[in-house]
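Chemist:
In this note's numbering, the protein residues as written are 1 to 167.
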């Protein structure tokens, strides 16, 4: 029997539960050493003076108390070729004990719906190459895995070095 759930937009006050799910995602991906943020930063980036991200939360009812069991975190990017905004899905995660209830699919489709409503030219995300369940999930939904594209990243000292002016 499937567990009933609801999804909704994240709202102020959700940052601690949302960051708890981010931490659970980091543990699932064996990347806890990279999870250095906190709920206060997440709150600021969701609802502060300059919001950078948006989030959806999936909840189940535990004896009259809603409990966050999944989330989708996304933000706008831009395609110069299409001259249109896009949506980038940064994270999609459901606690393991609540998987196979359709929660991930509903969260994913809700973000896709926002991309359509906002006339976005693209909806994109990244997936770790070892994550066969996620790759299968996205393919089942009709996604194209782009083998010819690789994500490049710079952080910390490397990023600061890239930003230095070369004379």
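For glycine and all other residues, C-beta sits at the position ideal for the given N, C-alpha and C.
In this text the structure is predicted, and so the values were computed from the model without any measurement.
What are the complete beta strand (DSSP E) segments, minimum 3 residues, inside the stretch 41 to 102?
Modeler: Within the stretch 41 to 102, the complete beta strand (DSSP E) runs of at least 3 residues are 54 to 62, 65 to 79 and 84 to 94.
Chemist: If you follow the beta strand (DSSP E) that residue 8 is part of, which residue opens it and which one closes it?
Modeler: Per DSSP, residue 8 belongs to the beta strand (DSSP E) from 6 to 9.
Chemist: Between which two residues does the beta strand (DSSP E) harbouring residue 139 extend?
Modeler: Looking at the DSSP string, residue 139 is not in any beta strand (DSSP E); the run it does join, the alpha helix (DSSP H), is 132 to 140.
Chemist: Label residue 31 either buried or exposed according to how many other C-beta atoms from any shown protein chain fall within 10 Å of its C-beta, with 16 as the threshold for buried.
Modeler: Within 10 angstroms of the beta-carbon of residue 31 lie fewer than 16 other beta-carbons, which makes it exposed.
Chemist: How many whole angstroms separate the CB atoms of residue 90 and residue 75, which I take to be in contact at a CB cut-off of 8 Å?
Modeler: 7 Å
Chemist: Three or more C-beta pairs closer than 8 Å, one from the stretch 59 to 74 and one from the stretch 27 to 41: is that the case here?
Modeler: no
Chemist: Taking buried to mean at least 16 other C-beta atoms within 10 Å of its own C-beta, is residue 103 buried or exposed?
Modeler: buried
Chemist: Three Cβ pairs or more, each shorter than 8 Å: is that satisfied between the stretch 106 to 124 and the stretch 33 to 48?
Modeler: The stretch 106 to 124 makes no contact with the stretch 33 to 48: fewer than 3 CB pairs, one atom from each, lie closer than 8 Å.
Chemist: Under the three-state reduction of DSSP, which class applies to residue 124: helix, strand or coil?
Modeler: Annotated three-state conformation of residue 124 is strand, per DSSP.
Chemist: Leaving out five residues on either side along the sequence, give the residues of the same chain with a beta carbon under 8 Å from the beta carbon of residue 86.
Modeler: For residue 86, where only same-chain residues beyond five positions count, the Cβ hits under 8 Å are 76, 77, 78, 79, 115, 120, 121, 122, 123 and 124.
Chemist: From residue 51 to residue 17, what does the alpha carbon distance come to, in whole angstroms?
Modeler: 18 Å
Chemist: Given this structure, state the Cα-to-Cα distance separating residue 25 from residue 69, to the nearest angstrom.
Modeler: 11 Å
Chemist: Following the continuous alpha helix (DSSP H) through residue 37, name the residue where it begins and the one where it ends.
Modeler: Note, residue 37: premise wrong, no alpha helix (DSSP H); not H, not E.
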